[in-house]
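First comes the structure, then the notes that go with it.
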Amino acid sequence: MVSRFNIDLAETWKIVSRVDPVRLFLAIFFYYCSFPVRGLRWRLLLRNVGFNQAGEKEIPSSWILARFMVMGWFANCLLPAKLGDAYRAFLA
């Protein structure tokens, strides 16, 4: 991919080396802090659409759903066509 898109690795490294580490840490921190919020949102959505009204299975906790979100995002990085979304639904 590097040779196909003519990426200058030396220039890329110069840009990356000038990144403020505090801002980078904050960006990563807030990104991963959003997953529990997404898990809570997904739990509320499942409850609002009537999941578990018949009482078969409990809705997973927000933390478990947040873990499913992380696993789905990871799968999206590896698989084509956003199959991580289907994987996340399969996990739930």
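Take the sequence shown: its position 66, counting from 1, is numbered 68 in this note's numbering, and each next residue is one higher.
C-beta atoms are modelled at their ideal positions from N, C-alpha and C, and glycine is treated no differently.
Since this is a predicted model, take the numbers as computed values, not measurements.
query                                                                                                         : result
Run of the alpha helix (DSSP H) containing residue 52, from where it starts to where it stops                 : Premise fails: residue 52 is in no alpha helix (DSSP H) and is neither H nor E.
Buried versus exposed call for residue 68 [16 or more other C-beta atoms within 10 Å across all chains shown] : buried
CB contact flag (residue 42, residue 70, <7 Å)                                                                : no
Residue 18, DSSP secondary structure in three states                                                          : helix
Inter-residue spacing [alpha-carbon to alpha-carbon] between residue 63 and residue 47                        : 13 Å
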